[in-house]
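Under the working numbering, residues 24 to 436 are what the sequence shown spells out, in order. Glycine included, each C-beta is placed from N, C-alpha and C at the ideal position. Fair warning: this is a prediction, and the values are worked out from it, not measured in the lab. Presented below is the structure to which this report refers.
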Amino acid sequence: STLTRESSGLYTVSSALYAPVTRQDRHSRYHCTVHYWLRGQRRALDSQPVQVNIFYPAENLKLKVMPSSTLVKEGDNVTLVCEADGNPQPVFSFFKKNLDEWQDLTSLAEPDSGILRLHDVNKTSNGTYKCQSLDLDDLSQIEKDVDLVVNYIEGVHVKMEPSSTLREGDSVMLSCDAYSPVGLKYQWRDDKGKKLVEGNQLFVKNLTFEKSNTFSCKVMAPSVPGLEQSKKVSVAVEGKPRIVAISSPLYVRQDEVINLTCKAIAFPPPTVQWSINGTAHEYVDNQHVASNLTVRVSHDLVRAGALCRVSNRLGVSEERIQLVVDQKSTAESQGVIIVAIIVAILVVAVLGAVIYFLHKKGKLPCGRAGKQDITKPEARKDKIVVEVKSDKLPEEAGLLQGANGDKRAAADQ
């Protein structure tokens, strides 16, 4: 320490501390204290604390698997974290043991971080991993390894007994098996996800087309949460076709274009045939088949109907669609025709009445007699009119009437 009196009368005090440091001092903070007297009182003043950055080589190395709180299962993302207690941090390298050799994984690690991330791990990710640190000051090396255990389920398969072709009414036993390094639990579900039974075996009796013949075996590892796999199996049930829906009876109108529908279920897949010609479209869904036939209604079709024939190598099923003419529609059509005829008759009657009225009023000339009627004076009320019937032909009668008319006209004059 030094004490210097300045020209101003003030004192300058300086002190230097020289001390060896070790790694134990890496967290130490240093400060100095000045003690002085002021007005008869002893006082002290502390400096700001400082921390010394101490460089030292690594002595210990840790390699951790993250997350460490849960067991690792296939499909997880795993992080290997390598930590050293040196300052500055050394250079890290990662390796994986394959048989008797070490595979360098340093290129997959994050640069200068000591972190290696493994994505979507599986069975092949199992093994021993090693982290190696290199101190660039003294070139000292430290190594640490850890075993990574990835829990998995593999080889899920279903065995069916009997394995031969099944017919409607038969029964079947399904057995599910798998392999895993941990204990397994089995569960059977239907195609809608409903649980059927616990255990690796499922017995299904009285098989039919209508029942669900698709089952799922769910394999779980109770000791590893989230570790599970499923295997689906479909039981093929063979049988002759059975028609389950048909559009009969069908109400139609003459010359109308209609669609005839025939639905059936069978395995092996059946073929659908119609007894009439038309445009057919088929739709197949697993063991179900539907056929739509587009036709025009005729008298022959109404009389005979339409036959749907479904067949496979195990048998044939037939159903006839009955076509019924819609009497209400026919009556409505006939009513329209009758109304039209009545209207036409009324129009003709009115027209005839108008013509007759105009003729009586003398506004419509009709031959020679008509011309004379225009100038003829009104007949006297006491004039006697005699009707003479004759066997003459119409032509002769007309000539006689014309002659008599002329004579009467002259007499009147």
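For a cut-off of 8 Å, the C-beta gap from Leu-103 to Val-114 is around 16 Å, too long to register as a contact. In this structure, the straight-line span from the alpha carbon of Asn-300 to that of Thr-284 is close to 14 Å. The stretch 194-210 and the stretch 274-293 do not touch, with fewer than three beta-carbon pairs separated by less than 8 Å. In this chain, the alpha helix (DSSP H) harbouring Leu-324 covers 322-327. Phe-118 is bridged by DSSP to Asp-127, Lys-153. It is roughly 21 Å from the alpha-carbon of Asp-278 to the alpha-carbon of His-304.
Annotation for Val-75: Val-44, Asp-48, Ser-51, Tyr-53 place their beta carbon closer than 8 Å to its own, counting only its chain and skipping 5 residues before and after. In this structure, Leu-337 sits near Pro-264, with a CB-CB distance shorter than 9 Å. The beta carbon of Ile-364 sits closer than 7 Å to no other beta carbon from its chain once the five residues preceding and following it are set aside. A check of alpha carbon separations from Leu-346 across Asn-335, Val-325, Cys-331 identifies Val-325 as the nearest.
At least 9 Å separates the beta-carbon of Val-339 from that of Arg-276. The beta carbon of Gly-150 lies closer than 8 Å to those of Lys-119, Lys-120, Asn-121, Asp-170, Leu-171 in the same chain, with the five residues before and after it left out. Here Phe-117 is buried. Its C-beta has 16 or more other C-beta atoms within 10 Å. Of Asp-161, Lys-234, Val-373, Ser-156, the smallest CA-CA separation from Leu-86 is found for Ser-156.
Each residue's CA atom was taken as its position, placing Glu-133 and Val-101 some 14 Å apart. Between the C-alpha atoms of Tyr-379 and Ala-367 there is a straight-line separation of about 18 Å. Between the C-alpha atoms of Cys-199 and Lys-153 there is a straight-line separation of about 39 Å. DSSP places Tyr-274 in the strand class (E or B) of the three-state scheme. A straight line joining the alpha-carbon of Val-195 with that of Phe-232 spans about 14 Å. If you keep only unbroken beta strand (DSSP E) runs of at least 3 residues inside the stretch 210-259, you get 218-221, 224-227, 237-243, 251-257. Here the C-alpha atom of Phe-226 lies approximately 18 Å from the C-alpha atom of Lys-215. Its Cα nearest to that of Pro-185, the residue Val-260 stands out among Asn-223, Arg-140, Val-260. Taking the C-beta atoms as reference points, Pro-248 is found nearer than 9 Å to Thr-93. Taken atom to atom, the span from the alpha-carbon of Leu-316 to that of Ile-266 is near 16 Å. In this structure, the alpha-carbon of Val-256 lies about 28 Å from that of Ser-314. According to the DSSP assignment, Lys-87 belongs to the beta strand (DSSP E) that extends over 84-89. When only Cα atoms are considered, Tyr-41 and Cys-55 end up about 13 Å apart. Under a 10 Å Cβ-count criterion, Arg-66 is classified as exposed, with fewer than 16 other Cβ atoms of the shown protein chains found around its own Cβ. Looking only at Ala-327, Asn-83, Phe-290, the smallest Cα-Cα distance to Lys-167 is reached by Asn-83. If you draw a straight line from the Cα of Leu-139 to the Cα of Thr-147, it is about 17 Å long. Note on geometry: alpha-carbon atoms of Leu-33 and Arg-46 lie some 40 Å from one another. By the beta-carbon neighbour count (other beta carbons within 10 angstroms, threshold 16), Lys-384 is exposed. For Asp-160, the closest of Val-144, Asp-99, Tyr-79 by C-alpha to C-alpha distance is Tyr-79. Annotated as proximal: Asn-236 and Val-258, with beta-carbon spacing under 9 Å. For Pro-293, the closest C-alpha among the options Tyr-274, Leu-273, Phe-238, Cys-331 is that of Cys-331.
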